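**Student:** Under my numbering, the first residue of the sequence shown carries the number 2, and numbering increases by one thereafter. Even for Gly, the Cβ is constructed at its ideal location relative to N, Cα and C. Since the structure is predicted, the reported quantities are computational estimates derived from the model, not experimental observations. This is the structure, below, for whatever I ask next.
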Amino acid sequence: MTQTSEDVTWLTQEAYTKLKEELAYLSGPAREEVTAKIAAAREEGDLRENGGYHAAKEEQGKQELRIRQLTQLLEKAKVGEAPTSTDGAVAPGMVVTIAFDGDEDDTMTFLLASREYASADVETYSPQSPLGSGVIGHKVGEDAQYELPNGKKASVTILKAEPYNG
């Protein structure tokens, strides 16, 4: 299976290492801890009214979800810098400036990347978000549309798109 630029999550080596360590902890020691909590709560008796048991099971569910998220993210991750040659088209790993409804007084600049790549310097939007998926592939000067949560369409004009060098 070939990965497209939308499928790839670009991570710095530091972010990749941090996420791998989190996955190792959640898959090992943290999993053992929550299993022990469940076993201890189960020994207290009636499970229907056992708050500790239900809390531990909920914690286990959240932990397993995070393990799946990290596993999927790391499977698609590429370590290093996002490619700089995109033929002028918006792609993940770029800082994009848009104008809402073509109004150059109503603009926004954001990094198109996963939250693990997020920077305090610039707002980050996921390539899978409605706005992110709407602008991918469009070039500077082009209009792009995306669907708002209420089902209506919004239009933006791409003003600038350049590789992130944070």
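Which of the three DSSP states, helix, strand or coil, is assigned to THR72?
**Tutor:** DSSP places THR72 in helix when its eight states are reduced to three.
**Student:** Checking the sheet assignment: what are the DSSP bridge partners for LYS154?
**Tutor:** DSSP lists GLU148 as partners of LYS154.
**Student:** Which residues in the same chain have their Cβ closer than 6 Å to the Cβ of ASP107, if we skip the five residues on either side of it in sequence?
**Tutor:** Result list for ASP107: PHE101, in chain order.
**Student:** Here's the rule I'm using: 16 or more other beta-carbon atoms within 10 Å means buried, otherwise exposed. How should PRO150 be labelled?
**Tutor:** Its Cβ having fewer than 16 others within 10 Å, PRO150 is exposed.
**Student:** Any idea which residues DSSP pairs TYR126 with across the strands?
**Tutor:** In DSSP, TYR126 forms a bridge with LEU113.
**Student:** Is LEU48 helix, strand or coil when you go by DSSP?
**Tutor:** Coil at LEU48, not helix or strand.
**Student:** Using CA coordinates, which residue listed in LYS77, VAL96, THR98 is at the minimum distance from LEU12?
**Tutor:** The shortest Cα separation from LEU12 among LYS77, VAL96, THR98 belongs to LYS77.
**Student:** Beta-carbon within less than 8 Å of VAL141's beta-carbon, same chain only, minus the 5 sequence neighbours each way: which residues are those?
**Tutor:** Around VAL141: GLY89, ILE159, LEU160, LYS161, ALA162.
**Student:** DSSP beta-bridge partners for ALA78?
**Tutor:** Answer is THR10.
**Student:** Going straight from the alpha carbon of ILE54 to that of ILE39, what length do you get?
**Tutor:** The question names Ile, but residue 54 is Tyr in the sequence shown. Taking the straight line from one Cα to the other gives about 6 Å.
**Student:** Pairing CB atoms from the region 90 to 100 with CB atoms from the region 44 to 53, are three or more of them under 8 Å?
**Tutor:** Judged by Cβ distances under 8 Å, the region 90 to 100 makes no contact with the region 44 to 53, as fewer than three pairs qualify.
**Student:** Give, in chain order, every unbroken run of the beta strand (DSSP E) that is at least 3 residues long and sits entirely within the region 20 to 49.
**Tutor:** Complete beta strand (DSSP E) runs here, min 3: none at all.
**Student:** For a test of the three-state rule: what should DSSP assign to PRO131, helix, strand or coil?
**Tutor:** Three-state result, PRO131: helix.
**Student:** Applying the criterion that 16 or more other CB atoms from any shown protein chain within 10 Å of the CB defines a buried residue, is ALA37 buried or exposed?
**Tutor:** Classification for ALA37: exposed.
**Student:** Which partner residues does ILE159 have in the DSSP bridge list?
**Tutor:** Looking at the DSSP assignment, ILE159 forms a beta bridge with ILE99.
**Student:** Measuring only the C-alpha atoms, how far is GLN61 from ALA42?
**Tutor:** Going by the C-alpha atoms only, they are around 13 Å apart.
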